[in-house]
Amino acid sequence: MRFAEFYAGSTGPHISFEVFPPKTDAAMESLRRVLPELIELGPSYMTVTYGALGSTRERTLEIAALLKREYHMESACHLTCVGSSRADLDRLLEDIRHSGVENIVALRGDPPRGETTFVPPPDGYSHGNELVAHIRRRYGTAFGIAVAGYPEKHLEAPDRESDLRYFKNKMDAGADIAITQLFYDNADFFSFVEAARTLGVTQPIIPGLLPILSVKQVRRITSLCGSKIPAALQAELEAAGEDDNRAEEVGIRQCVAQASELLRRGVPGIHFYVLNKSSHMRRIMEQLRPVLAEVRPNAPHSTANAPH
Numbered sequence: 070m071r072f073a074e075f076y077a078g079s080t081g082p083h084i085s086f087e088v089f090p091p092k093t094d095a096a097m098e099s100l101r102r103v104l105p106e107l108i109e110l111g112p113s114y115m116t117v118t119y120g121a122l123g124s125t126r127e128r129t130l131e132i133a134a135l136l137k138r139e140y141h142m143e144s145a146c147h148l149t150c151v152g153s154s155r156a157d158l159d160r161l162l163e164d165i166r167h168s169g170v171e172n173i174v175a176l177r178g179d180p181p182r183g184e185t186t187f188v189p190p191p192d193g194y195s196h197g198n199e200l201v202a203h204i205r206r207r208y209g210t211a212f213g214i215a216v217a218g219y220p221e222k223h224l225e226a227p228d229r230e231s232d233l234r235y236f237k238n239k240m241d242a243g244a245d246i247a248i249t250q251l252f253y254d255n256a257d258f259f260s261f262v263e264a265a266r267t268l269g270v271t272q273p274i275i276p277g278l279l280p281i282l283s284v285k286q287v288r289r290i291t292s293l294c295g296s297k298i299p300a301a302l303q304a305e306l307e308a309a310g311e312d313d314n315r316a317e318e319v320g321i322r323q324c325v326a327q328a329s330e331l332l333r334r335g336v337p338g339i340h341f342y343v344l345n346k347s348s349h350m351r352r353i354m355e356q357l358r359p360v361l362a363e364v365r366p367n368a369p370h371s372t373a374n375a376p377h
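Counting from 70, one number per residue, gives the positions in the sequence shown under this note's numbering.
Below, the structure is given as structure tokens:
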């Protein structure tokens, strides 16, 4: 099933998970043990991030195909412009197609480690909308395509208006849905959706949430992506200090509250960045099940987030 099919009609909201390809064989075996535990939580689909220019790139497809083949779980491969010519992209796309995976998360990608600016490879692409257009030209509707949205603006964008125009270019190039960068203030998400709708974006926009597992973790990730931590949450995390168990309790409570508000306000789904772990997601999903039961019966998505 492709992305657009999940969000057609009013069958949602859909919960989805994202995992990343491990760098070592031991970590890969650990992920193999975790995958069934995540699948038991009932996601509609799972996405697998992309390790450009390294061995984890092959593992992206290995994991996505494993999900589809062994667990009958719909999956999506991330695909970026980093380090790939158009011919390279075509080979990767053929591998994905032959594996049976029907969905792609198309991204420009971050500069390789040690580099501060993105430089397109020879005969490659510079922007995500170019990658989306390439996939559509070569494969039509054979793939479902998701792109990224940035409720707080991409770090490289000069201003919010420019970032919104870049976002609309990706949607107009043929994306079926958008999945957002992590954020911790729902006001940022709703403002982003409203602005995108004003520009004429009609496709579903799915909020992406990263549950906090430690203070060190959230500091590192937010410093990389530019997302802010609201003052009240920051105070709770500072009180937790180096106590990861306490920080995780704060993170689970915050994530449930954030997701509950999003669901009650009619989002088409929530995409969780699960960090290849299941125990915290089990607790989060247990607390969200009553909310999901509340919003699913006869509940068409709100006009703010549903396709027009």
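Heads up, the beta-carbon is just placed ideally off N, CA and C, and yes, glycines get one too.
Buried or exposed (CB count within 10 angstroms, at least 16 for buried), residue 210: Against the sequence shown, residue 210 aligns to sequence position 141. An exposed status is given to residue 210, since fewer than 16 other beta-carbon atoms sit within 10 Å of its beta-carbon.
Cβ-Cβ distance between residue 91 and residue 100 below 8 Å: Your numbering for residue 91 matches position 22 in the sequence shown. Your numbering for residue 100 matches position 31 in the sequence shown. For the 8 Å CB-CB criterion, residue 91 and residue 100 form a contact.
Three-way DSSP call (helix, strand, coil) for residue 150 in this model: The residue labelled residue 150 in the question sits at position 81 within the sequence shown. In the structure shown, the three-state DSSP call for residue 150 is coil.
Inter-residue Cα distance where the pair is residue 70 and residue 76: As a working note, residue 70 is residue 1 in the sequence shown. As a working note, residue 76 is residue 7 in the sequence shown. Going from the Cα of residue 70 to the Cα of residue 76 covers about 11 Å.
Close-in-space but distant-in-sequence residues of the same chain around residue 147 (CB under 7 Å, 5 per side omitted): The count along the sequence shown starts at 1 and reaches residue 147 at position 78. The answer, listed in chain order, is 116, 117, 118, 119, 129, 174, 176.
Beta carbon of residue 284 nearer than 8 Å to that of residue 329: Position 215 of the sequence shown, counted from the start, is the residue given in the question as residue 284. Position 260 of the sequence shown, counted from the start, is the residue given in the question as residue 329. No; because the gap between Cβ atoms is not below 8 Å, this pair is not in contact.
Other residues of its chain near residue 306: CB distance less than 8 Å, five sequence neighbours each side excluded: The sequence position of residue 306 within the sequence shown is 237, counting from 1. Exclusion of the five residues before and after residue 306 leaves 281, 284, 287, 298, 316, 319 as the residues of its chain whose Cβ lies within less than 8 Å of its Cβ.
Sequence-distant residues of its chain with Cβ nearer than 8 Å to residue 195 (five each side left out): One-based indexing of the sequence shown puts residue 195 at position 126. Same-chain partners within the cutoff: 150, 177, 187, 189.
For residue 87, the first and last residue of its enclosing alpha helix (DSSP H): Taking the sequence shown and counting its residues from 1, the one referred to as residue 87 is at position 18. Going by DSSP, residue 87 is part of no alpha helix (DSSP H) but of the beta strand (DSSP E) stretching over 83-88.
Nonlocal neighbours in the same chain, by C-beta distance under 7 Å from residue 198, ignoring five residues either side: As a position in the sequence shown, residue 198 is number 129, starting the count at 1. Setting aside the 5 residues that flank it on each side, residue 198 is surrounded in the same chain by 238, 239, 242, each with a C-beta closer than 7 Å to its C-beta; the list follows chain order.
Endpoints, the beta strand (DSSP E) within which residue 174 is located: The residue labelled residue 174 in the question sits at position 105 within the sequence shown. Residue 174 -> beta strand (DSSP E) spans 172-176.
Under 8 Å between C-beta atoms of residue 247 and residue 213: Position 178 of the sequence shown, counting from 1, holds the residue named residue 247. Position 144 of the sequence shown, counting from 1, holds the residue named residue 213. No, they are not a contact pair.
Delimiting residues of the alpha helix (DSSP H) encompassing residue 200: By 1-based counting over the sequence shown, the position of residue 200 is 131. Annotation: the continuous alpha helix (DSSP H) that includes residue 200 extends over 197-208.
Residue 135 versus 234, 277, 102, residue with shortest Cα-Cα distance: Counting from 1 along the sequence shown, the entry for residue 135 is found at position 66. Of the listed residues, the one whose Cα sits closest to residue 135 is 102.
Which of helix, strand or coil DSSP assigns to residue 144: Residue mapping note: residue 144 aligns to position 75 of the sequence shown, counting from 1. Correct three-state label for residue 144: strand.
Cβ neighbours of residue 313 in the same chain (closer than 6 Å, five flanking residues each side left out): The sequence position of residue 313 within the sequence shown is 244, counting from 1. Excluding residues within five positions, the ones whose Cβ falls inside 6 Å are 283.
Sequence-distant residues of the same chain with beta carbon closer than 7 Å to residue 325, five excluded per side: Counting from one through the sequence shown, the residue named residue 325 turns up at place 256. Excluding residues within five positions, the ones whose Cβ falls inside 7 Å are 353, 356, 357.
Buried or exposed (CB count within 10 angstroms, at least 16 for buried), residue 169: Translated into the one-based positions of the sequence shown, residue 169 becomes position 100. With fewer than 16 other Cβ atoms within 10 Å, it is exposed.
Proximity of residue 255 and residue 323 at Cβ, strictly below 8 Å: The residue you call residue 255 lines up with position 186 of the sequence shown. The residue you call residue 323 lines up with position 254 of the sequence shown. The answer is no: Cβ separation not under 8 Å.
Environment of residue 145 [buried if 16+ CB atoms lie within 10 Å]: Counted from its first residue, the sequence shown places residue 145 at position 76. A buried status is given to residue 145, since no fewer than 16 other beta-carbon atoms sit within 10 Å of its beta-carbon.
Collapsed DSSP secondary structure at residue 76 in the structure displayed: Taking the first residue of the sequence shown as position 1, residue 76 is located at position 7. Three-state result, residue 76: coil.
Where residue 118 sits in the DSSP three-state scheme: Along the sequence shown, read from residue 1 onward, the residue named residue 118 stands at position 49. Annotated three-state conformation of residue 118 is coil, per DSSP.
DSSP three-state assignment for residue 250, whether helix, strand or coil: Mapped onto the sequence shown, residue 250 falls at position 181. In the three-state scheme derived from DSSP, where H, G and I count as helix and E and B as strand, residue 250 is classed as strand.
Classification of residue 157 by the beta-carbon crowding that lies within 10 angstroms, buried from 16 upward: On the sequence shown, position 88 is the one that residue 157 refers to. The residue in question, residue 157, is exposed, as its Cβ has fewer than 16 Cβ neighbours within 10 Å.
Same chain, Cβ closer than 7 Å to residue 110, neighbours up to 5 away in sequence not counted: The count along the sequence shown starts at 1 and reaches residue 110 at position 41. Excluding residues within five positions, the ones whose Cβ falls inside 7 Å are 350, 351, 354.
Limits of the alpha helix (DSSP H) - the one that residue 320 falls within: On the sequence shown, residue 320 is found 251 positions in, with the first residue counted as 1. Element bounds for residue 320: 313-333.
Cβ shell of residue 232 (< 8 Å), same chain only, five flanking positions each side left out: Locating residue 232 in the sequence shown gives position 163, where the first residue counts as 1. Apart from the 5 residues on each side of it in sequence, residue 232 sits with its Cβ closer than 8 Å to the Cβ of 219, 222, 223, 226 in its chain, given in chain order.
Alpha-carbon spacing of residue 167 relative to residue 345, whole angstroms: On the sequence shown, position 98 is the one that residue 167 refers to. On the sequence shown, position 276 is the one that residue 345 refers to. Answer to the nearest angstrom: the Cα atoms are 26 Å apart.
Contact belief for residue 270 with residue 87 at Cβ below 8 Å, rounded distance in angstroms: On the sequence shown, residue 270 is found 201 positions in, with the first residue counted as 1. On the sequence shown, residue 87 is found 18 positions in, with the first residue counted as 1. Residue 87 and residue 270 do not touch by the CB rule: their CB atoms are close to 22 Å apart, not below 8 Å.
Simplified DSSP assignment, three categories, for residue 298: Here residue 298 refers to the residue found at position 229 when the sequence shown is read from its first residue. Coil, per DSSP.
First through last residue of the alpha helix (DSSP H) which encompasses residue 167: Numbered from 1 along the sequence shown, position 98 holds the residue referred to as residue 167. Where residue 167 is concerned, the enclosing alpha helix (DSSP H) stretches over 155-168.
Inter-residue Cα distance where the pair is residue 235 and residue 262: In the sequence shown, the residue the question calls residue 235 occupies position 166. In the sequence shown, the residue the question calls residue 262 occupies position 193. Taking the straight line joining both Cα atoms gives about 14 Å.
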